[in-house]
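With the numbering used here applied, the sequence shown covers 13 to 308. All residues carry an ideal CB built from backbone N, CA and C; glycine is no exception. This structure is a prediction, so every number in the text was calculated from the model and none was measured. First up is the structure itself, then whatever we jot down about it.
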Amino acid sequence: MSTPRFLNLPPGVTPLKLETPQGAFAALEALPVSGVVERWPALLVPGLTGSKEDFIAVLQTLAQSGRRVLAVDLRGQYETPGPDDPGAYTCAALGADIDLLAQIVGDGEPLHLVGHSFGGLVTREAVIDGRTKFASYTLMSSGPAAIVGRRAHASRRIMEEVPRFGLEQVWHDSFEPEALSAGVPDDILAFLRKRLLSNSPVGLSRMAQEVVSMHDRTEELRQVEVPTLVLYGEHDDGWPADVQAEMAQALGAEIVVVPGAAHSPAVEAPETTAAALIRFWNRAETRHMDTRSASV
């Protein structure tokens, strides 16, 4: 469970609703507090039990590089409503949502796409399906196939216990004790409870099923011509570091290992993470411009 360290929105960051043919998606929009938007926009997608708030600590820095940056809640996640149809929460269905959002946010411009953890599996679908041409793609603490280790165990518990006992009971039995043992402050604890209970139970359990059963699509992703970055914390306990490094090598992707971070680099090392993303995005844009100039 990604746990934001603060909830107050920085200057230049505001909540909004992104209207799509599939309904409204809750988002946080970040714009430069000085200067103008002169670079391509970015879309940030959270993990299984997360939300757009997981990116609060990096939004202002990312936007100040001259970009419009949006973090969203997935369908059925926190402040984005979703149906009671389990089929709406497969990686493929959620990836189609990302295509819609990218086309709206990009508004004809190339767009940088970032997927954290389960969000990486979802965004990967959008990159592979070819409906949207992305400026770059970042897999943040996300692996090539199903998650493993203790996070896989936690996801299986969600998959099995949410339909049987409901979100409130799962909060009291699992999420609350974990947060209390980690010394989470009262205001953040209240947010975590509100966020979990606001999820679609059908959606959360189906997404948990997806994250523990997803097959490897590295070879298909490798066929897509998009600048790719694999970024993860040196202490990641989701997908092992060597697994993510091997995936990066197979993709021919750039790789950044964030010192001191675990599974949520945007929370645990926001400045390092934001700086790495900005460098990568700038290089991707420069390469695009160079390629376009050479073809003229």
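Burial state of Val45 is exposed, judged by a 10 Å Cβ sphere holding fewer than 16 other Cβ atoms. A residue is called buried when at least 16 other Cβ atoms come within 10 angstroms of its Cβ; Val48 does not meet this threshold and is exposed.
Among the bridge pairs identified by DSSP, Val84 is matched with Ala39.
For Gly59, there is no enclosing beta strand (DSSP E), since its DSSP letter is neither H nor E. With fewer than 16 neighbouring CB atoms inside 10 Å of its own CB, Asp199 falls in the exposed class. With contacts defined by Cβ atoms closer than 8 Å, Ser186 and Arg163 do not form a contacting pair. Assignment of Thr285 by DSSP, reduced to helix, strand and coil, places it in the helix class. By the criterion of a C-beta distance shorter than 6 Å, Arg51 is surrounded in its chain by Gly78 and Arg79, once the five residues flanking it on both sides are discounted. Of Thr240, Leu43 and Leu192, the smallest CA-CA separation from Leu204 is found for Leu192.
Counting only runs of 4 or more residues that sit fully inside the stretch 191 to 226, the alpha helix (DSSP H) segments are 198 to 210 and 213 to 223, in chain order.
The DSSP-derived three-state label of Met171 is helix. Looking at the DSSP output, Thr150 bridges to Val126 and Leu241.
In terms of Cα proximity to Lys29, the closest of Asn20, Leu21 and Ala39 is Ala39.
Counting every other CB atom within 10 Å of its CB across the protein chains shown gives Glu190 a total below 16, marking it as exposed. For the pair Ile110 and Thr92, the CB atoms are not nearer than the 8 Å cut-off. If you draw a straight line from the Cα of Ala220 to the Cα of Pro22, it is about 31 Å long.
Bounds of the alpha helix (DSSP H) holding Thr230 are Thr230 to Arg234.
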